[in-house]
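K.L.:
Note that the working numbering has the sequence shown beginning at 158, numbered continuously upward. Backbone N, C-alpha and C fix where the C-beta goes; we use that ideal spot for every residue, glycine too. Here it is, the structure, as structure tokens.
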Amino acid sequence: MEIQLTWAQIKVFISSKKLSLQYIDYPKMYRVWLQENNVFYMTEINIETPVISGSDQEDFELNYKATANVPIVPIDEDGKSYVRAESRPLDMTTYFTMAGDKIGTPQDIGEGSEIKWDFSNAVNDITPPSGFKKKRIEFQFIDGIRLKEGTMYFYNSPEGAYLDLQVVCPAGQYYLDNNDSPILASVDTVIDRFVNKYFISGNCPMGDELNTEAASAEIPSTYKFWLDVTTINTDIVSYGHVSVEVYRRRTRIL
Numbered sequence: 158m159e160i161q162l163t164w165a166q167i168k169v170f171i172s173s174k175k176l177s178l179q180y181i182d183y184p185k186m187y188r189v190w191l192q193e194n195n196v197f198y199m200t201e202i203n204i205e206t207p208v209i210s211g212s213d214q215e216d217f218e219l220n221y222k223a224t225a226n227v228p229i230v231p232i233d234e235d236g237k238s239y240v241r242a243e244s245r246p247l248d249m250t251t252y253f254t255m256a257g258d259k260i261g262t263p264q265d266i267g268e269g270s271e272i273k274w275d276f277s278n279a280v281n282d283i284t285p286p287s288g289f290k291k292k293r294i295e296f297q298f299i300d301g302i303r304l305k306e307g308t309m310y311f312y313n314s315p316e317g318a319y320l321d322l323q324v325v326c327p328a329g330q331y332y333l334d335n336n337d338s339p340i341l342a343s344v345d346t347v348i349d350r351f352v353n354k355y356f357i358s359g360n361c362p363m364g365d366e367l368n369t370e371a372a373s374a375e376i377p378s379t380y381k382f383w384l385d386v387t388t389i390n391t392d393i394v395s396y397g398h399v400s401v402e403v404y405r406r407r408t409r410i411l
């Protein structure tokens, strides 16, 4: 997906998103862009001869052109380049949580919906399949995150109970379909399934961990997560909670 911006907006993204500037030099213009996953932020800068003082062309040529089209090589504190084998981006830190962030005013990290369930009550109940009960725990983060791994802790779960963890584009927001075309969601729309119909039974106090070598692409802060827990309709004793590992740029609002 391409998003057209001004040169001033591109410069803001270079700083705030730590993206590498790319360009193509045409006879009459520079075509300049930044790439963030499947999104390209684009702009065009006209080339004038002589260069107009104070123009975007002058700013680009004096301050940005020499360092563009160059891959970013990580450097340690001693100035030496190094090779990384982990999936965590350089500008993010690892964060473990059993709760989302508090959305609204004031915002707060880690003080949102707790990722847990208890079938002895009707909290978070939604319409289930025939013969079952179902709960939906909705949580969200105030920053874009990359989802890494998770651990499920459950107790007294009957045979046939299962979990789903889904990424949701809220109504009024855009998502990319399987052809990378932007679609405006008219209702809350599941766009990705991180965990699908994962069966749980009995007790697992030490946790059932789902591991992966890589992390997801960055999930926008406007998106939501649904943890759906389904069990048999006679269940009144099972409960549990989930820990998720994510990469994010901050863990406190300072």
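Using a Cβ-Cβ cut-off of 6 Å (strictly less than) and excluding sequence neighbours within five positions of G301, which residues of its own chain qualify?
P.N.:
Taking the first residue of the sequence shown as position 1, residue 301 is located at position 144. For G301, where only same-chain residues beyond five positions count, the Cβ hits under 6 Å are E375, P377, S378.
K.L.:
What number of angstroms, rounded off, separates the C-alpha of I209 from the C-alpha of I171?
P.N.:
As a working note, residue 209 is residue 52 in the sequence shown. As a working note, residue 171 is residue 14 in the sequence shown. I209 and I171: Cα-Cα distance of roughly 23 Å.
K.L.:
Out of curiosity, what's the CA-to-CA distance linking T206 and Q192?
P.N.:
Within the sequence shown, the letter at position 49 stands for residue 206. Within the sequence shown, the letter at position 35 stands for residue 192. T206 and Q192: Cα-Cα distance of roughly 29 Å.
K.L.:
Going by C-alpha to C-alpha distance, which of Y355, D349, V240, R245 sits closest to T388?
P.N.:
Against the sequence shown, residue 388 aligns to sequence position 231. Selected option, being the one with the closest Cα: Y355.
K.L.:
Which of the three DSSP states is assigned to L411 in this structure?
P.N.:
On the sequence shown, position 254 is the one that residue 411 refers to. Correct three-state label for L411: coil.
K.L.:
If distances are taken between C-alpha atoms only, which option among E370, L333, N278, I348 comes closest to V394?
P.N.:
Counting from one through the sequence shown, the residue named residue 394 turns up at place 237. Of the listed residues, the one whose Cα sits closest to V394 is N278.
K.L.:
In the structure shown, what three-state DSSP assignment does I171 receive?
P.N.:
Within the sequence shown, residue 171 is the residue found at index 14, counting from 1. DSSP places I171 in helix when its eight states are reduced to three.
K.L.:
Looking at C-alpha atoms only, which residue of E159, L178, N195, Q166 is the closest neighbour of S373?
P.N.:
Here residue 373 refers to the residue found at position 216 when the sequence shown is read from its first residue. Of E159, L178, N195, Q166, the residue nearest in Cα terms is N195.
K.L.:
Based on the DSSP output, what are the partners of Y332 in its beta bridges?
P.N.:
To locate residue 332, count along the sequence shown from 1; it is residue 175. For Y332, which the question treats as bridged, DSSP gives the partners I340.
K.L.:
Could you pull the start and end residues of the beta strand (DSSP E) that F253 belongs to?
P.N.:
Position 96 of the sequence shown, counted from the first residue, corresponds to residue 253. Its beta strand (DSSP E) spans residues 250-254.
K.L.:
Just the C-alpha distance for Y310 and N390, rounded to the nearest angstrom, thanks.
P.N.:
Here residue 310 refers to the residue found at position 153 when the sequence shown is read from its first residue. Here residue 390 refers to the residue found at position 233 when the sequence shown is read from its first residue. So the alpha carbons of these two residues sit roughly 21 Å apart.
K.L.:
Three or more C-beta pairs under 8 Å: does that hold for the region 315-326 against the region 336-354?
P.N.:
Segments in contact, yes.
K.L.:
Need the endpoints of the beta strand (DSSP E) that Q323 sits in, please.
P.N.:
Locating residue 323 in the sequence shown gives position 166, counting from the first residue. Here the beta strand (DSSP E) through Q323 covers 303-326.
K.L.:
Mapping DSSP to helix, strand and coil, what is E159?
P.N.:
Translated into positions along the sequence shown, residue 159 becomes position 2. Looking at E159 - three-state DSSP - the assignment turns out to be strand.
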